[in-house]
Amino acid sequence: MSHRHRVELVRRDGRSEIIRADGDESILEAAERAEVGLPFGCRIGACATCTGRLLDGRVEHARPPNALKPRFLDEGYVLLCIARARADCRIEVGVDVQTDLVTNPWK
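Numbering (our numbering), first residue to last: 1 to 107.
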């Protein structure tokens, strides 16, 4: 039997939702099961559309997160389509998080 973890999905506008994620499902799958909408694209960790940022807790990617550079992984970014909760978590979600990864040449 897999463990079920509490995952709080935090948005920058202050809203948050709490879902329960089984150890054998991705956070994206758990959100969909709970009818919580999150952005996604490929579902295999290649496009970064579903990027979130781990604030607390622990996740493990089911396969290498090819869409994230090592420095983004070091900064706590995760791909929700392949990330599985390994403890209770707080994760910042929404399109604003993925936008953080895009380099702005004017900054």
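Just so it is clear, CB atoms sit at the ideal spot from N, CA and C, and this is done for glycine as well.
The model shown is predicted, which means the values in this text are computed figures rather than measured ones.
If you draw a straight line from the C-alpha of residue i to the C-alpha of residue j, how long is it?
i, j, result
"E17", "T51", "17 Å"
"Y77", "S26", "15 Å"
"D100", "L54", "14 Å"
"E32", "R20", "11 Å"
"A30", "D22", "7 Å"
"N66", "G57", "22 Å"
"V97", "L38", "11 Å"
Which one of the options has the shortest CA to CA distance from residue i?
i, options, result
"C81", "D88, T99, A87, D24", "D24"
"R71", "V36, R12, R6, V102", "V102"
"G45", "R63, R4, V36", "R63"
"H5", "R15, I91, C42", "I91"
"R43", "A34, E35, H61", "H61"
Any idea if residue i is buried or exposed, counting beta-carbon neighbours within 10 angstroms, 16 or more meaning buried?
i, result
"A87", "exposed"
"V59", "buried"
"R84", "buried"
Quick check on the DSSP output: what are the complete alpha helix (DSSP H) runs of length 4 or more inside the segment 23–84, in order along the chain? Runs of the alpha helix (DSSP H) inside the segment 23–84: 27–33, 70–74.
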